[in-house]
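If you use our numbering, the sequence shown corresponds to residues 32 to 98, in order.
In what follows, a single structure is set out as structure tokens and then discussed.
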Amino acid sequence: MFSDGAGVLGEDVCSFDAQPVIAGAVVPTQPLSAFVGQSAAGMWELTLSDRSAYDTGVLLEACLITT
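Right under this line is the structure:
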């Protein structure tokens, strides 16, 4: 889960030895507070990047919950 108030950056917690690779709340690369007061209606785009040198990653599940 991405949260501006989380204590650790998402890109700092990747662990290729653990499943899931990222667990718990992490700080997004850019603040989510930019969306406060904005409508959730419309088109959303989620971009994922695999920085591993090997083709072994799989995205098993994703969801977007706006509050």
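Cβ atoms here follow ideal geometry from the backbone N, Cα and C, with glycine treated the same way.
Computed from a predicted model, the values in this text were never measured in an experiment.
Whether residue i touches residue j by CB criterion (8 Å)
i	j	result
Val39	Val67	no
Ala56	Met74	no
Asp35	Ser64	yes
Leu91	Leu79	no
Reduced DSSP category for residue i - H, G, I as helix; E, B as strand; rest coil
i	result
Leu40	strand
Val89	coil
Beta-bridge partners of residue i, as assigned by DSSP
i	result
Phe66	Bridge partners of Phe66: none, in fact.
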